[in-house]
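Read top to bottom, the protein sequences are chains P, A, G, R, D and C.
Position 81, counted from 1, in the first sequence is what the numbering used here calls 81; the numbers after and before it change by one each time, with no gaps.
To convert, count from 1 in the second sequence and add 1000; that's the numbering used here.
To convert, count from 1 in the third sequence and add 2000; that's the numbering used here.
To convert, count from 1 in the fourth sequence and add 3000; that's the numbering used here.
To convert, count from 1 in the fifth sequence and add 4000; that's the numbering used here.
To convert, count from 1 in the sixth sequence and add 5000; that's the numbering used here.
Beta carbons are placed, not taken as given, at the ideal position from N, Cα and C, and that holds for glycine.
Quick caveat: nothing in here was measured; it's all calculated off a predicted structure.
One structure below.
There are 6 protein chains.
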Amino acid sequence: MNHNRNKTIVGKALPNIPWEDKLEGCRDAVWRYSSNPIVPRDLLSTSNSIFNSAVVPFGDGFAGVFRCDDKARHMDIYAGRSKDGITWEIDEERIQWVCDDPEIGQWGYGYDPRVCWLEDRYYVTWCNAYAGWPTIGVGYTYDFETFYQLENAFLPCNRNGVLFPRKINGKYAMLSRPSDRGHTSFGDIYYSESPDMCHWGRHRIVMATTSGWQSTKIGTGPTPIETTEGWLLIYHGVLTSCNGFVYSAGVALLDLDRPWKVMYRTVPYIISPQESYELTGDTPNVVFPCAALCDAATGRIAIYYGAADTVTCLAFAQVDELIGFVKSNSRA
Amino acid sequence: MNHNRNKTIVGKALPNIPWEDKLEGCRDAVWRYSSNPIVPRDLLSTSNSIFNSAVVPFGDGFAGVFRCDDKARHMDIYAGRSKDGITWEIDEERIQWVCDDPEIGQWGYGYDPRVCWLEDRYYVTWCNAYAGWPTIGVGYTYDFETFYQLENAFLPCNRNGVLFPRKINGKYAMLSRPSDRGHTSFGDIYYSESPDMCHWGRHRIVMATTSGWQSTKIGTGPTPIETTEGWLLIYHGVLTSCNGFVYSAGVALLDLDRPWKVMYRTVPYIISPQESYELTGDTPNVVFPCAALCDAATGRIAIYYGAADTVTCLAFAQVDELIGFVKSNSRA
Amino acid sequence: MNHNRNKTIVGKALPNIPWEDKLEGCRDAVWRYSSNPIVPRDLLSTSNSIFNSAVVPFGDGFAGVFRCDDKARHMDIYAGRSKDGITWEIDEERIQWVCDDPEIGQWGYGYDPRVCWLEDRYYVTWCNAYAGWPTIGVGYTYDFETFYQLENAFLPCNRNGVLFPRKINGKYAMLSRPSDRGHTSFGDIYYSESPDMCHWGRHRIVMATTSGWQSTKIGTGPTPIETTEGWLLIYHGVLTSCNGFVYSAGVALLDLDRPWKVMYRTVPYIISPQESYELTGDTPNVVFPCAALCDAATGRIAIYYGAADTVTCLAFAQVDELIGFVKSNSRA
Amino acid sequence: MNHNRNKTIVGKALPNIPWEDKLEGCRDAVWRYSSNPIVPRDLLSTSNSIFNSAVVPFGDGFAGVFRCDDKARHMDIYAGRSKDGITWEIDEERIQWVCDDPEIGQWGYGYDPRVCWLEDRYYVTWCNAYAGWPTIGVGYTYDFETFYQLENAFLPCNRNGVLFPRKINGKYAMLSRPSDRGHTSFGDIYYSESPDMCHWGRHRIVMATTSGWQSTKIGTGPTPIETTEGWLLIYHGVLTSCNGFVYSAGVALLDLDRPWKVMYRTVPYIISPQESYELTGDTPNVVFPCAALCDAATGRIAIYYGAADTVTCLAFAQVDELIGFVKSNSRA
Amino acid sequence: MNHNRNKTIVGKALPNIPWEDKLEGCRDAVWRYSSNPIVPRDLLSTSNSIFNSAVVPFGDGFAGVFRCDDKARHMDIYAGRSKDGITWEIDEERIQWVCDDPEIGQWGYGYDPRVCWLEDRYYVTWCNAYAGWPTIGVGYTYDFETFYQLENAFLPCNRNGVLFPRKINGKYAMLSRPSDRGHTSFGDIYYSESPDMCHWGRHRIVMATTSGWQSTKIGTGPTPIETTEGWLLIYHGVLTSCNGFVYSAGVALLDLDRPWKVMYRTVPYIISPQESYELTGDTPNVVFPCAALCDAATGRIAIYYGAADTVTCLAFAQVDELIGFVKSNSRA
Amino acid sequence: MNHNRNKTIVGKALPNIPWEDKLEGCRDAVWRYSSNPIVPRDLLSTSNSIFNSAVVPFGDGFAGVFRCDDKARHMDIYAGRSKDGITWEIDEERIQWVCDDPEIGQWGYGYDPRVCWLEDRYYVTWCNAYAGWPTIGVGYTYDFETFYQLENAFLPCNRNGVLFPRKINGKYAMLSRPSDRGHTSFGDIYYSESPDMCHWGRHRIVMATTSGWQSTKIGTGPTPIETTEGWLLIYHGVLTSCNGFVYSAGVALLDLDRPWKVMYRTVPYIISPQESYELTGDTPNVVFPCAALCDAATGRIAIYYGAADTVTCLAFAQVDELIGFVKSNSRA
């Protein structure tokens, strides 16, 4: 296997990563897949929308956990599989969690999942109802067939809990965005540690909102990508226009050993709602990345993002170009 | 005349009901007309938008009352006529009500009309300004030429007043949704009775908001359709996203003799904003049914709905399939 | 019995009306009882507060219906009796309504009662929970022992429903203030008629908010007092300061035959929160009249009002002086 | 040079004014350019959007000041030049103001510029950050190369400051819309005078909001056009739907000598969001005119407007038709 | 006459300044008058409250302009006179302004007046309704009998306009607090200049809100006091508790020649609502200084402040102690 | 030493507990100290208010941590000492925390402290600023001289973190109320565990809001008191009146081994704002208990509570009576 030929991404080669070259003349560091959306809203017979979903390499293909809201607009998460990372089959039944404690295992709703290969299994984190309010659910699977649920990481309300793909300083590490009960109008990214994936502490502020596209709230997107330059963090930011929230995405580089220290952070966004499938849908003006595949051999990155809270899309970047972009577009 | 060949709809045959068969592969109980919208926003020289309107069989064709907002964005209701229920001619002048009491007859604005054949005439109910605020206006016509205005049914504020097409237990019966003065963020459906179409009482709650697409407010759509299974009620529901209201529609079956008793009610919506003419316009993300034609001979139902508060559209259903859908998709 | 010696109040003499002369030098048309409050917050062992309550002559003394919030801050109404109208005994148990329809008779909460002698019995109207929301409950008693509940007058939400003490144009007549689900920030007074105390209609606007002390909302206080000059209406008005609502009271004179026509209405208030028991309590800055006793022989009026949503107080006026005040302080 | 051949517009001929004839059958007084938008959102390598911009005749072509928000969603203004008024070249660097006073010259942000030829130079007014909040920045240029900044006209917060193209009664004159710190939900148009372009006073109300499309707030658009019938004022108005603001535009005629006196004002809008580039974008449902070119010889008017806070568009009108429209569509 | 014996206050001696020595043991730089309030709410037969008022030495006594809200809670300003500055006679009729321009002279409401001796007359500034909204009214009197109204200084909305008692750099100078239409939740102090008391410009930020008692908004109180150490500025600040606004007062020292430069500013308040007449009333928890008398001979300062938006009170300070306090309690 | 003579409280005798017998005729389970408040707002020369503070037995007297807001209205916590628990000496300097990590040790503000003897030291928990927002600070002292700060327990925002006085099931246990950034309008009580007083998890809902006095939010008050009947929990609840929040207090009994299981919970409050020092002050209508002393020998409980966010008060209860009260006043 070819580790690190590109040498920037710390990880494995992924030769079958979904990919499309950048169009001639495109000046952007991130570009969209020309056949977006890749997952239509009605892929399931019961689904109203499929978006804000997470995928990982699995076997000789890919697997993932998908947010599929049904036509009651109830939010649930489902397992799915794909050969090429573009065409997906999603189970018709939502994930049924195996859980020791019935109070924790009682299902309310789940949304915006992330999946992270960590040590020996795939961890899933998601926005999970507890006592009726959103917090960070944690579970794992070995095979995307059986899923085991652990304790929720934090007190409600919290959203966008994202694990680091390896322990930091001997502890599990998670980013999250504490929030309130509604369409929260604030939100910063925090870092927390755990010795046992059950108790969390040593909370540290990572990044707060600034201005423009990231002035209302920010939250982590995909699992951070380890690179020789630091943790590459793709995150979303929200601007409040007179007609509501606009969700865009940007990039930051975090210190490898103290990931709560931000070394670089893009002032401009890397992608914002501009295509019709991003501008209109159940929630207009949303791009919301939740996963990224990386090929360490070539430096290719495939970003999965939800569009307009309705469909799932794909965008691409090259790791060195993206790191160059964040370095040269960071506030001095 | 062919009464009840289908036997489910209690009513008359309507052989000239507008109709288009469901497309092969369509899994939905309600499907859109392929030439939507049927009434463009600028059908009148002065109209900004024509939507949330009501039609009935009339003579050998159809007549209706239309909400036409003019380019001042003032809301008024207009009479219209059609041979086929699809191509409409609408009067250039709004309806001029004949009214005994000048205080009631003084016109402020009117919107979201419904029309109901009841006993010997066509009753019109609409959202009517009284003392500057919306309540339920009531009037009638025999010919869609002369319109007579009665007393408003309720105290302001109220919207979506819809009559039953026959007396219930010897009384006139109306559904309505009490509201407040602005873009009301709550709203349940109530039932009220009247001995004389002037005084109303014995108010009963019918349905309250639940969750998902019907979590913010709900309101009656077309005149309830009498079937052998109960009153078939098509209603709208509203979900509040971070970018505003989303209006979808669902179905309920009410007890024939005590229509404030809900026997079945769809957990999923039957139609939600998904087409570009529903997703964009003066109010994005709105489907709002206000009328339905029924052919008792075939069980065909043609639903008229406003899209994006801008245009008027058509969708179709088959009564037995729709009743089957509500029965099998009702909360246990 | 001495009817109408003073000739202004149309009604009976009430020689035992509670009374205290106006203090020398007092320039106000309404003056407070020097021993206010007359009902302390903890008169009942379980009561947190007793206020916004209604009294009438009964037998050789007085009876009333009292709003007693318990220490859970649950709102209920209780019957009470008094020899002198000042010292009260209130039942330890809330009123238990006899009601034919279990859905209407199911008790949620009740507050701000009014009592009105009409034809042959004492009608009670109050703010009554239906389907969880406030509307106008209606009931009656002959003896303040057994209470019979009728249908709610209106759809929720409504508050401050007050009956006229005789039929107007052959119909029962009620004033009310439609509202919303919370601490409503609007509210005008409407008039409605009923042939049968069950169905209500012919709704007419009586008065809307204006400015100053009555700029946010207004609502009827005691049962209107019939006088030779018109219906004397004591009502409350609300001003919104930067620190919340301020409840004051004013007076209007309504046309005897068309009581929705206002002949005079005070620009200044007649009483506003100025005493410590009005300025502080569960809701600071509230005076809220709910009842008035009248002695037709002398023109004396005794006004019962809630103070600070905590205690019950008494104020006095002389009918001719009060009518003179409203006439000379009405907007030209 | 051909002054006033059409005789209605008081000004110069502009033979090279951008123009496209009205389509057969179009009933509107204002019609869109068929190749809208004329300036795409990404004309600059760094631009997120280019809109709400102002152009004037300059040399044998045109020059302008453009609002270009960058991909941080930071708001700045840039100079641009065009041969035909349709195809534009915009500087890659924002305008660098020459300013005597460093406190005033310190740049925060700038947006929604207007340009006005007055006496001997091109004045630029824009929404300018002072102490962090928006007010009316004032500056001038002779050549669209060097720009000189003067004192801000008013205290924050203010937006949409627009100069008259000549002195009125010996004083400079400006229209503006005082506002608050956020997405202001109110706004009327005021008139102010200055002897020296530094101190402003004699403020007069010109127009307040009314109803419908202009019920939430209104603000001046392009520099007023002097005509023999009065100042032709194109302005925007905002309606608040349940899903946010809708920006349309209308026309008024102001008295030539006392421009704070409105002679006529359109009840209907002249243009509202109806095309996809107006309905969707960073802020859906916005048309926002900021400039108009006029050819006194033919009466042609070319209106530049921002669409959806994203792109710049063009619409056309004929002065006599437009004046006729406002006269015949004004509230009696 | 004894100028400047104390040498700190630049001005005249005022031997009859109201005064009461500080109580033994009092640790505060400002202390209350023991007979507060000095003006009761009902001094006028029509007054609901008298507060936020301004006084100056006049003849051998004192004169002032008082905010007297009547019992309609309408806000007006009245002239008053006093021998000792403590016992006041206030006219029963509000000030009738002589004004050249009927549009400006048309009276809506007026409140929170300030009075400033400047050159040869007493200028009055107040919060004045124009077009229905508050801005800074300006007028003058020679004798507190005849009052002449000038142009409003600024566009609405603005409050707390306070003149400097002499020209600064050859121009009239005013402090003000731009605001919005309601109970504004923001507010900083700005400085503006005028050559003619009609046109105003060169606006400069003086102080913005900080934290604690002055976190929501701040505004100037009395006319700034010229001292050898700078302009002594007493100002109010507002904190938003969960139960509304709390108004306290602090002190700043401004540069004599560039008064928009703050040299010192108290971190703690000098007075906050603690007495019952400050804690309860029409608006609980308000102390609001609007005037100060100074005796240059002794350094005594008598501060007039409104309490609870209900009554007028008096507090005292010694200039050197107050300057010492602001210097030693300013943020380093 | 006399352990458990009363046998209900599990703990030590405290013969010098502050105490005053209940007055004859008092029907309440909790009664106020007749000399309230015990700590005036200005005990410190710099203090604006002293309230919401915590005390414990210490040596032969008492020690505590006090919330003292200074006259800037900045919130800090201070150590204090008392011989009798009633007369207190409070340090003039706020607590200076010894902390290993400078990011955690950096002081922003602190308020609403609790003190809990646990194993071998006094733990202090308080509302601590981290990254500008409130969360639960944790520290300890042996002597009330030197204080050591640990990691914050939770992510912001959180308030009212209260430790149990012994480990539960081998873990440290804390109650808290997650909140948002402002005057939070929601709030339930949660239970969390920690193996090391650094990492927290296994979060469980204990109690949610219900209705009446505890309808807006609830939060723990003093350290839970271990009794033979369960953990006796005194907590506050908030009702939202039209004029703001009202803070009262109630009692619950929690399961000894699974303290997130509520066995009993009072429907009525045990104390609510009724005295002038509770009704008026910096925040009107607040009683807020933060500490309780217990004498196991007699069953006496002395409750320390903040009044009106201004002063510190004392109330008393007898443990058996209080447990009887909660048992007989719990929702069936």
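- Identification of residues in the region 1139-1173 of chain A having a C-beta nearer than 8 Å to some C-beta of chain P yields an empty set.
- With a threshold of 8 Å between beta carbons, Ala3252 of chain R makes no contact with chain D.
- A check of alpha carbon separations from Val5056 of chain C across C:Tyr5235, C:His5183, C:Pro5224 identifies C:Pro5224 as the nearest.
- By the C-beta criterion, the region 1185-1202 of chain A is judged to be in contact with the region 1211-1224 of chain A, since at least 3 inter-stretch pairs fall below 8 Å.
- Taking the Cα positions, Cys4116 of chain D is about 6 Å away from Val4124 of chain D.
- Contact check for Tyr1172 of chain A against Pro1259 of chain A fails: the beta carbons are separated by 8 Å or more.
- Secondary structure remark: continuous beta strand (DSSP E) runs of at least 3 residues inside the region 5203-5251 of chain C, in chain order: 5217-5220, 5225-5227, 5230-5241.
- The Cβ atoms of Tyr1264 of chain A and Ala1249 of chain A do not sit closer than 8 Å to each other.
- For Glu3089 of chain R, the enclosing beta strand (DSSP E) starts and ends at 3088-3090.
- Between the region 3194-3212 of chain R and the region 4145-4162 of chain D, the count of C-beta pairs closer than 8 Å reaches three or more; the two stretches touch.
- CA-CA distance, Asn3285 of chain R to Thr3310 of chain R, rounds to 11 Å.
- It is roughly 56 Å from the alpha-carbon of Asn4329 of chain D to the alpha-carbon of Gly281 of chain P.
- The region 5287-5307 of chain C makes contact with the region 5049-5068 of chain C: 3 or more CB pairs, one atom from each, lie closer than 8 Å.
- Excluding five sequence positions before and after Gly4230 of chain D, the CB atoms of its chain that fall closer than 7 Å to its own CB belong to Leu4253, Leu4254, Asp4255, Leu4256, Met4263, given in chain order.
- At a Cβ-Cβ threshold of 8 Å, Val4319 of chain D and Tyr4305 of chain D do not count as neighbours.
- Using a CB distance cut-off of 8 Å, Phe5245 of chain C counts as an interface residue toward chain D.
- In the three-state scheme derived from DSSP, where H, G and I count as helix and E and B as strand, Val5124 of chain C is classed as strand.
- Judged by DSSP secondary structure, Phe4325 of chain D falls within the alpha helix (DSSP H) whose first and last residues are 4319-4328.
- Just measuring C-alpha positions, the residue of A:Ile1050, A:Cys1026, A:Asn1036 sitting nearest Leu44 of chain P is A:Cys1026.
- Closest in C-alpha terms to Ser3241 of chain R, from the list R:Thr3227, R:Glu3089, R:Gln3214, R:Lys3327, comes R:Gln3214.
- Following the DSSP letters along the chain, one finds Gly5105 of chain C inside the alpha helix (DSSP H) bounded by residues 5102-5105.
- Distances from the CA of Pro5040 of chain C to each of C:Cys5313, C:Pro5113, C:Asp5028, C:Val5138 were compared; the closest alpha carbon is that of C:Cys5313.
- Distance from the Cα of Leu2023 of chain G is smallest, within the candidate group G:Val2326, G:Gln2096, G:Ala2317, for G:Ala2317.
- DSSP, reduced to helix, strand and coil, places Leu279 of chain P within a helical segment of the structure shown.
- Between the region 62-75 of chain P and the region 103-115 of chain P, the count of C-beta pairs closer than 8 Å reaches three or more; the two stretches touch.
- DSSP, reduced to helix, strand and coil, places Asn36 of chain P outside both helices and strands of the structure shown, so it counts as coil.
- Listed by position along chain A, the residues whose Cβ is nearer than 7 Å to that of Pro284 of chain P are Asn1243, Pro1284.
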